[in-house]
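One structure below.
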Amino acid sequence: MTIKTNFGEYPVGNKDAVENFHGNQLVYIAWDDHLGIGPANVFPLPPEMPFAALLEEVIPSVVSPHPDFEKIDWVKAQWILDGESIVPELGKSLTENGVGHKSLLRFKTPGLTGYQGSGN
Amino acid sequence: MAKKLNMRKRYEVLTRGLGWEPTYQPKEKVFPQETYEGIKIVDWDKWEDPFRLTTDAYWKYQAEKDKKLYAVIDSFAQNNGHLNLSSASYVNALKIFIQGVSPLEYGAHRGYANLARQFSGEGAQLACQMQSIDELRHSQTQIHTLSHYNKHFTGLHDPFHMHDRVWYLSVPKSYFDDARSAGPFEFITSISFAFEYILTNLLFVPFMSGAAHNGDMATVTFGFSAQSDESRHMTLGLEIIKFLVEQHEDNLEIVQGWIDKHFWRAYRVLGLVSAMQDYMLPDSPMSWKEAWDIYFVDNCGALFKDLARYGLRMPKFHEQATDEAEHLSHQVYTALYQFSHAAAFHTEVPSKEKMDWLSEKYPNTFDKYYRPRWEMYAQMEKEGKRFFNMGLPQLCQVCQVPMSFTEVSKGEPMKLSQRVTEFNGDKYHTCSDGCKDIFDHEPEKYAHAWLPPHQIFQGNCGGAEIPDVLKYYHFNPEDGGDYKGSTDEATWKAAHGLDDQQTTPEKSA
């Protein structure tokens, strides 16, 4: 369906086009089974940033207060990018790993299912 | 002396026959918004004002109500009525109200003023004009009532500025902007029917009885003062739906589509109300779930049974809203809790009594899913690490609520609900089937959404650091964060002579 308008065509626009983010792209990241951390967070990240920086800097900047954080074994982490399982290459860039503008990246940490196993 | 007219005759004389057939310009140029939405009006005279209210009577009633209200407001101020509240933490609900709801009243004022201009039927013009004035009055009486609290508590100083900028206030703002940027018939279906008729009881009844339960007689009084207007608005909402559907058979499908859309939009806004009701009122008269069962499941169920003869059915996705009733307030309030360092209200881990109340009201969900979450936060706080989420949340492209909702209807209440649509080569994320459906219907519109976290990253909100953004919001440093240790708490304790361990004054007999 297209939108009905009173005067001509509805103006084409995209408030969040990648050009508006000063060389960064938006990436949404969520930790499955840890809803106490909340909704996915959104980060403006350089597309050429190595995937490893997500583990080392970006993700800890939000989730490190969680009691499960110290127990994370990143080698075992499972990644779901825009609904598809992936095995990221840590040394390669976000772009090379298929992470695009407004991609949603979820990760699971087998064995860790939140505070007292409650999914929080 | 001329003979006095009876009521019905007076109403006719004072409301109809005020218009004229334009001759300098064609009618469609004088009323340029009336046809493009596809709604067909055959005979505007079929419009019935259910109240037969004339302008002179309207002014008289409103003046009487104002006189009473302002007498109460004055005595509340003179007697320092704010000291009789159950707790200063109650004021956080008022903050959300004046930041989130009062600007909507003002938006409704402008919206109905536009309808009074754009509808060519005189009866409808008059009804919309009165509602426009009502809405302005509501926004003013709310500001005047709450200005007393502004003298004593934080976060109440600049609500209209905040409303246009702040992340959690973009939830109500974007809904009203969505309706106001639509055509006149969609606007009236949205605000008069979906919001005022179907859902307004869920906002006003618990909020006003909540005010009464927590000793806030000033708010109770403005609530009562608005109540007779609200029932007029609700009746208008029902009247407009029936009128539209009866005017032309082609209108049915369009109107049903708007009911579907605006029910879901308005419902998502009420997520904030659910959090206010279950968590921010120290003494809650009823839970969100109880209110939903009465005002939506029972009352609206009966309403739509009645509307079936017009061919209308319950709004799409209403089952999901009902499924969510045992989760909504917990999910929304924990999102507010995590980000309250960037808010102009305080949050806190619920007290033991509050948690027990929540267990009792939510036997299927609270102990299993949400009590552990609060216990985790309490533990973190005890270790001196009160949890604040130091990132920015992903918001839904349509409702703009942080995407904390879960797959309740699919039986997976601990899995985030995330939907995505590709449009013109970009991804757009939504929180639910309801919001995705709305996006997919008019993607051109929602691609323009001003999502606060994204705007911060684009550099449009005062700077890159949280203090810069808070300054742009006109927040003061003491406005946000946990209630414990807040200026509000200190003010309250000082006024009641409480020591550090006590939070509420002894109840006097």
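Protein chains in written order, with our numbering: chain B, 201 to 320; chain G, 424 to 932.
Built from N, CA and C at the ideal position, the CB exists for glycine as well.
From a predicted model like this one, the values you see are computed outputs, not experimental measurements.
Sequence-distant residues of the same chain with beta carbon closer than 6 angstroms to residue i, five excluded per side
i        : result
Gly734/G : Leu675
Ile286/B : Trp279
Val589/G : Tyr896
Asn320/B : Leu235, Gly236 and Gly314
Pro265/B : none
Phe898/G : Ala767
Pro472/G : First, the amino acid is wrong: residue 472/G is Asp here, not Pro. Excluding sequence neighbours, Asp472/G sits near Gly546 and Ala550.
Gly442/G : Glu545
Trp715/G : Ala748
Trp780/G : none
Lys308/B : Asp232 and Gln278
Thr480/G : Reading the sequence as shown, one finds Ala at residue 480/G and not Thr. Nothing listed; no residue qualifies.
Boundaries (first-last residue) of the alpha helix (DSSP H) holding residue i
i        : result
Phe934/G : Any answer about residue 934/G is impossible in this case: the structure gives chain G only from 424 up to 932.
Met837/G : That residue, Met837/G, is in no alpha helix (DSSP H); its beta strand (DSSP E) goes Glu835 to Leu839.
Val594/G : Ser593 to Arg603
Phe582/G : In the sequence as displayed, the identity of residue 582/G is Pro instead of Phe. That run of the alpha helix (DSSP H) goes Pro582 to His586.
Cys551/G : Glu545 to Asn573
Ser498/G : Thr478 to Gln501
Ile464/G : No alpha helix (DSSP H) contains Ile464/G, which DSSP labels as neither H nor E.
Thr458/G : Unbroken run through Thr458/G: none, as it is neither H nor E.
Tyr756/G : Leu751 to Gln761
Ser782/G : Lys775 to Lys784
Leu625/G : Thr623 to His636
Asn429/G : Careful: Asn429/G lies outside any alpha helix (DSSP H) and carries neither H nor E.
Phe727/G : Asn722 to Leu730
Val514/G : Val514 to Ile519
Ile677/G : Asn674 to Ala698
Delimiting residues of the beta strand (DSSP E) encompassing residue i
i        : result
Val212/B : Taken as a continuous stretch (DSSP letters only), Val212/B belongs to no beta strand (DSSP E), as it is neither H nor E.
Ile280/B : Gln278 to Leu281
Arg842/G : Arg842 to Phe846
Sequence-distant residues of its chain with Cβ nearer than 8 angstroms to residue i (five each side left out)
i        : result
Ser931/G : The predicted position of Ser931/G is uncertain, since its pLDDT is 46 and thus under 50; no value can be drawn from it.
Val696/G : Leu625, Leu626, Pro629, Phe630 and Trp711
Trp274/B : Leu255
Lys427/G : none
Glu713/G : Lys784
Trp873/G : Ser593 and Ser597
Ser763/G : His769, Thr770, Phe811, Gly903, Gly904 and Asp905
Own chain partners of residue i with C-beta closer than 7 angstroms, once the 5 adjacent residues on each side are dropped
i        : result
Gln761/G : Phe810, Phe811 and Asn812
Thr478/G : Leu437
Glu657/G : Note that residue 657/G is Met in the sequence shown here, rather than Glu. Cβ neighbours of Met657/G beyond the five flanking positions: Glu619, Tyr620 and Thr623.
Lys859/G : Arg842, Thr844 and Thr853
Phe666/G : Lys469 and Trp470
Asp891/G : Gly885
Phe499/G : His571, Met640 and Ala641
Beta bridge counterpart(s) of residue i as assigned by DSSP
i        : result
Ile286/B : Trp279/B
His852/G : Val843/G
Val242/B : Tyr228/B and Leu815/G
Lys308/B : Gln278/B
Asp905/G : Thr770/G
Ser293/B : Pro250/B
Thr642/G : Answer is none; Thr642/G lacks a bridge partner.
Ser264/B : Its beta-bridge partners do not exist; DSSP assigns none.
Ser303/B : Val227/B
Glu830/G : Glu835/G
Pro738/G : In the DSSP output, where bridge partners are listed per residue, Pro738/G has none listed.
The ligand MN heavy atom lying under 7 angstroms from the CB of residue i
i        : result
Gly734/G : The ligand MN is not part of this structure, which contains no ligands at all.
Check your understanding: Of all the residues that make up the segment 443-464 of chain G, which are near chain B by a beta-carbon distance shorter than 8 angstroms?
Key -> Pro455, Gln456, Tyr459, Glu460 and Gly461
Check your understanding: Residues in the segment 239-256 of chain B with C-beta within 9 angstroms of chain G's C-beta atoms, listed in sequence order?
Key -> Pro239, Ala240, Asn241, Val242, Phe243 and Pro244
Review point. Is it true that the segment 459-467 of chain G meets the segment 556-564 of chain G, where meeting means three or more beta-carbon pairs spaced less than 8 angstroms apart?
Key: no
Check your understanding: Taking a cut of 7 angstroms between CB atoms, which residues from the segment 538-564 of chain G lie near chain B?
Key -> none
Review point. Using 8 angstroms as the threshold, is the segment 225-232 of chain B in touch with the segment 293-304 of chain B, meaning 3 or more CB pairs across them?
Key: yes
**Study point:** Contacting positions in the segment 862-873 of chain G - beta carbon closer than 9 angstroms to chain B
**Key:** Asp863, His864, Glu865, Pro866, Glu867, Lys868, Ala870, His871, Ala872 and Trp873
Exercise for review: Could you list the residues in the segment 284-303 of chain B with a C-beta less than 9 angstroms from some C-beta on chain G, going in chain order?
Suggested key: Gly300, His301, Lys302 and Ser303
Exercise for review: Report yes or no: do three or more beta-carbon pairs, one from the segment 603-612 of chain G and one from the segment 525-542 of chain G, lie closer than 8 angstroms?
Suggested key: yes
Practice item. For the segment 216-236 of chain B, enumerate the residues whose C-beta is nearer than 9 angstroms to any C-beta of chain G, in chain order. Key: Asp216, Ala217, Val218, Asn220, Phe221, His222, Asn224, Leu226, Tyr228, Ile229, Ala230, Asp232, Asp233, Leu235 and Gly236
Point to revise | contact_flag[the segment 905-912 of chain G, the segment 775-793 of chain G] where n(CB pairs < 8 angstroms) is 3 or more | key: no
Practice item. Taking only beta carbons into account, state which residues of the segment 813-824 of chain G come closer than 7 angstroms to chain B, listed in chain order. Key: Met813, Gly814, Leu815, Pro816 and Gln817
Point to revise | Contact between the segment 646-657 of chain G and the segment 716-734 of chain G (3+ Cβ pairs under 8 angstroms) | key: no
Check your understanding: At a cut of 8 angstroms, does the segment 736-753 of chain G reach the segment 689-703 of chain G through at least three beta carbon pairs?
Key -> yes
Review point. Is the number of C-beta pairs between the segment 489-508 of chain G and the segment 677-685 of chain G that are closer than 8 angstroms three or more?
Key: no
Check your understanding: Is the segment 738-746 of chain G touching the segment 822-829 of chain G, taking contact as three or more C-beta pairs under 8 angstroms?
Key -> no
Exercise for review: Evaluate the contact criterion for the segment 439-455 of chain G versus the segment 248-263 of chain B: three or more CB pairs, one atom per stretch, below 8 angstroms.
Suggested key: no
Exercise for review: Determine contact between the segment 575-589 of chain G and the segment 791-811 of chain G, defined as no fewer than three beta-carbon pairs at a distance below 8 angstroms.
Suggested key: no
Exercise for review: Would you list, in chain order, the members of the segment 587-605 of chain G that have their beta-carbon closer than 8 angstroms to a beta-carbon of chain B?
Suggested key: none
Point to revise | Residues of the segment 776-796 of chain G whose Cβ lies closer than 9 angstroms to any Cβ of chain B, in chain order | key: Lys791, Tyr792, Tyr793, Arg794, Pro795 and Arg796
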